Structures are given as C-alpha cells and as structure tokens.
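Have a look at the structure below, then the notes.
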Amino acid sequence: MRDEIFKIDFPTEIVHEGKVKVLVPKLKEFVKLPSEYAPSKAPVFYNPVMELNRDIAVLALQAYQRILNREISVCEPLAGCGVRGIRFATEVKGVKQVVINDINEKAFQLAKYNAQMNGLGERVTVKNKDANFLLSCYGAPRKRFDAIDIDPFGSPTPYLDSTIRALRNSGLLALTATDMAPLCGVHPRACIRKYGGKPLRTEYCHELAVRLLAGCLATTAAKYDIGVNIVFSHSTNHYIRVYATIKHGAKKADESIKNMGYILHCFKCFHREAVKKLFLVEHSGKCSECDSKMNIAGPLWLGRIFEKQFCELMEGEAKQRAFKLGRKIRKILTLIENETEAPITYYMVDKLCDSLALPVPSLRTVVEALRKEDSQASLTHFNPKGIRSNVPAMEINELLRKLATASCKF
Ligand SMILES: C[S@@+](CC[C@H](N)C(=O)[O-])C[C@H]1O[C@@H](n2cnc3c(N)ncnc32)[C@H](O)[C@@H]1O
Ligand SMILES: [Zn+2]
11 MRDEIFKIDF PTEIVHEGKV KVLVPKLKEF VKLPSEYAPS KAPVFYNPVM ELNRDIAVLA
71 LQAYQRILNR EISVCEPLAG CGVRGIRFAT EVKGVKQVVI NDINEKAFQL AKYNAQMNGL
131 GERVTVKNKD ANFLLSCYGA PRKRFDAIDI DPFGSPTPYL DSTIRALRNS GLLALTATDM
191 APLCGVHPRA CIRKYGGKPL RTEYCHELAV RLLAGCLATT AAKYDIGVNI VFSHSTNHYI
251 RVYATIKHGA KKADESIKNM GYILHCFKCF HREAVKKLFL VEHSGKCSEC DSKMNIAGPL
311 WLGRIFEKQF CELMEGEAKQ RAFKLGRKIR KILTLIENET EAPITYYMVD KLCDSLALPV
371 PSLRTVVEAL RKEDSQASLT HFNPKGIRSN VPAMEINELL RKLATASCKF
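Remember, the working numbering sits 10 above the position in the sequence shown when you count from 1.
Structural data, given as structure tokens:
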C-alpha cells in the first residue's frame, strides 16, 4: 500500500530521532566502496550525523517560541526526508504549521509518508518546489513565516534573499553552511564569491566562518531595510550554524551594518585586531607588535554571535529533553554560554607554545593565570584547545614563558 500511494521505490528503513520515527533510505545499500559518503549516494538525502544539528535546531526554535509566547509557523524549504520539519511539528510546543519542501520528487514522497506516519495531519504541508520559488510565494505581508530553517548542500547564500523576504518582522532564521573549504580559507575566491568576504586560514577560521556567514546575512538583509541580530551560532563537525532574528526598518539595518568590519591577523606573532568599518581605507597593513605584514579577513560580522539569554533558554530546554546526544549538547551549550560575552577570536595555546618552543601547560592553568591578573579568559566551543581573552598575543606569550619557568622550578 505504501508503494502505491507514496511511490517509494528504493530500499528504506525506519529510524528513531528525537520523538519521531521516520522512513529513510537504507544508506548501506547505496555505497559501493567504504570510502563513499552514503547520504549523497542515496536517492533521498538523510544524514544521521546531523542529528545533533537537528536537536539544537529544536532547542533554538523552542527558545524562540517561548520568547514570542504565541503559536508560530515554520518553513523548511530544503527538507530531504522531512525529519527536521517533522521534529519541529512534534517536539516544539506552540508550532501551529510547518511547510516542508524539497525539489526532489522522491524526497517529497518520502517526506509526505513520514508526516503521515507521525500523525501530523494538516499541521504539516509537504511541497515539491524549488526552494527560492516556494519562499517567494510566501514573501508578502500576512503570508510570511515566523521561522525558516535553511539546511542545504554546501552554502545557504543562494537562499538568503528569498528567506529574508519570506520571514515575518522579528522572525527567526537558521542557516547551515557545510562549505567549510571556502569559509576556512582553503578556497578563498569561492568564499569571496559566495559570502562577499575574504576568509583566512587561521587557527580560529571556524569563528571567522560564522562571522563571514553572519556578515553576508546582514548585508543581504540591509538591502531590504532589515536589520539582523545573531542570537546563537555553533561550529560542529563539518558545518557551521547561524541563528538570527530580523527587524524591519532602515534604522535597524543601519545599526546592524555598523557591526561589519575586518579582522587583521599577523601570522608571525599571532597579534590580531578587529576594525569595525565597512570600508577599510586607513591601515598601515603592518603589525603594531612585530612590524610584519598583517593579513585581512572580511568584511565580516564583528557583532555578537551568541546571546546569553537565548543560550540560557536553550540550556533550560535541553535539560528537559531526553536526547540521545543530550550530554554532548549540554556541554556545547555550557561552553557557548561562557563565551557569549568574551572577546572576538581565540588563541590556540599549543600553537603559541610551539612557536616559543615551550612546553604546553593545561588550558585550566592558563585560564586561571589570566583571571588572577584580572584579565578575561574563557574556553570556546569552537576548539577544545582554544582560549578567548582580552589580553594581546605578546602578553599571552609572556605569561606562557612565566608559566614554563615556574613549572621548571618544581
Ligand atoms: C542537506 S539536504 C537536507 C537535509 C534536511 N534538511 C535534514 O535535516 O535532514 C538538502 C536538500 O535540498 C534539496 N534541494 C537541493 N536544491 C533544492 C532546491 N533548489 N529547492 C528545493 N530543494 C532543493 C535536496 O534534494 C536535498 O534533499
Ligand atoms: Zn606581529
């Protein structure tokens, strides 16, 4: 009966994720070599590794709904088998309507089947359109969504304009980017093309990736006299995610554009500077610490990339849910909560020690030593070996020397 109604003509299996069960392609049937990436070989996309991404999306949507405190409508225009949108409808309280869409006919059939299997009735509508076309159909007052989740192959930038137009004033949008090679500076020209900003292959390139995507979002929204507020972001495995709310109005757009600027980085002494200017015209290009050439990343977003209150709400939600990956998620959220107010970019203690030919102290020792001197210091979820601090690289180097000397005395 399933095959007749839903035209599912490939090997499938049932998986459980969050509170839902979904029919997905039986991935191992589609790979011929162990080196092949199974999700992209299957006729419909389903990646079990992205469960954490979807769990966090559920928490963020619930946090957002709690802030609005009313029923919300959601769109997932690039849905694959539909698991994300089906989870939103099932697991997020206050979700009234979810529109799930995929251009792939087989994905459309599977998502329809999954919505029905989870008993979602008319709360979930499944469509089979091009994402930009679909979003454009909702880009008018009183048709717009409260939240839109863009989870594409590679870059989300081809969908930014239509997403912003289809989002209600104060709406929430979530963006996944998996094109880490351009964003982390391996293919800088592709990054400039897609994101309008120059990346850098620094130790904190994942933070730069988030800031490049957030910057691209802010400049795209500004064209429509819309400002953005980045409420949460994270970098996990092979992708980054950015969550932002938008506010209509030219003033709001002007305010958000003021957060654009550049990060200048010295590869010799690790000194870095953030310059909040959309057009960088007056800089010597030389490192103020060691006179070497500074390298530039940007234009990118220099404003906040996490909001403490939003993060706390997500943490509260996480504690109430029994996710398979709950421990890992709570750890990420705690790290992020502690870095919400921390300075831009982070230092890799092992890299600094390598360049100084010093033994590597524990991160805790460095954090404590910095705090003892009344400086800011926190860990970062971006890298387990990273430390955020307001102390310049030269002074951190000095501190590492002192710590090495002190440890030799014992
Ligand atoms: C990464 S997958 C989506 C995974 C899904 N969001 C999840 O959480 O499991 C990207 C999907 O976008 C679909 N897609 C690609 N181009 C599209 C377009 N122009 N319009 C709509 N869907 C598109 C693909 O068929 C694929 O299913
Ligand atoms: Zn320098």
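For every residue, glycine included, the Cβ atom is placed at its ideal position computed from N, Cα and C.
Note that the structure is predicted; figures quoted are calculated from it, not measured.
- Remark: the shortest separation between the CB of residue 280 and any heavy atom of ligand 2 falls under 8 Å.
- Our two residues, residue 269 and residue 308, have alpha carbons roughly 12 Å apart in a direct line.
- Residues of the same chain with a CB within less than 6 Å of the CB of residue 281, apart from the 5 flanking positions on each side, are 297, 299, 403 in chain order.
- Note on geometry: alpha-carbon atoms of residue 246 and residue 416 lie some 36 Å from one another.
- Taking a cut-off of 8 Å on C-beta distances, the region 59-69 does not touch the region 127-146, as fewer than three cross pairs fall below it.
- Looking at 267, 243, 76, 336, the one whose alpha-carbon comes closest to that of residue 233 is 267.
- A check of alpha carbon separations from residue 244 across 288, 346, 356 identifies 346 as the nearest.
- By alpha-carbon distance to residue 235, the top candidate from 265, 253, 206, 207 is 265.
- For residue 284, the CB contacts under 7 Å within the same chain, skipping 5 residues up- and downstream, are 271, 273, 312, 354 in chain order.
- According to DSSP, residue pairing for residue 195 in a beta bridge does not occur.
- If you compare the alpha carbons of 397, 22, 17 with that of residue 217, the shortest gap goes to 397.
- DSSP places residue 216 within a helical segment (H, G or I) once states are collapsed to three.
- Nearest C-alpha to residue 349 among 367, 162, 316: 316.
- It is roughly 8 Å from the alpha-carbon of residue 54 to the alpha-carbon of residue 114.
- Set against 8 Å, the gap from the CB of residue 55 to the closest heavy atom of ligand 1 is smaller.
- Judged by the Cβ position, residue 141 qualifies as a neighbour of ligand 1 at the 8 Å threshold, a heavy atom of the ligand being closer than this.
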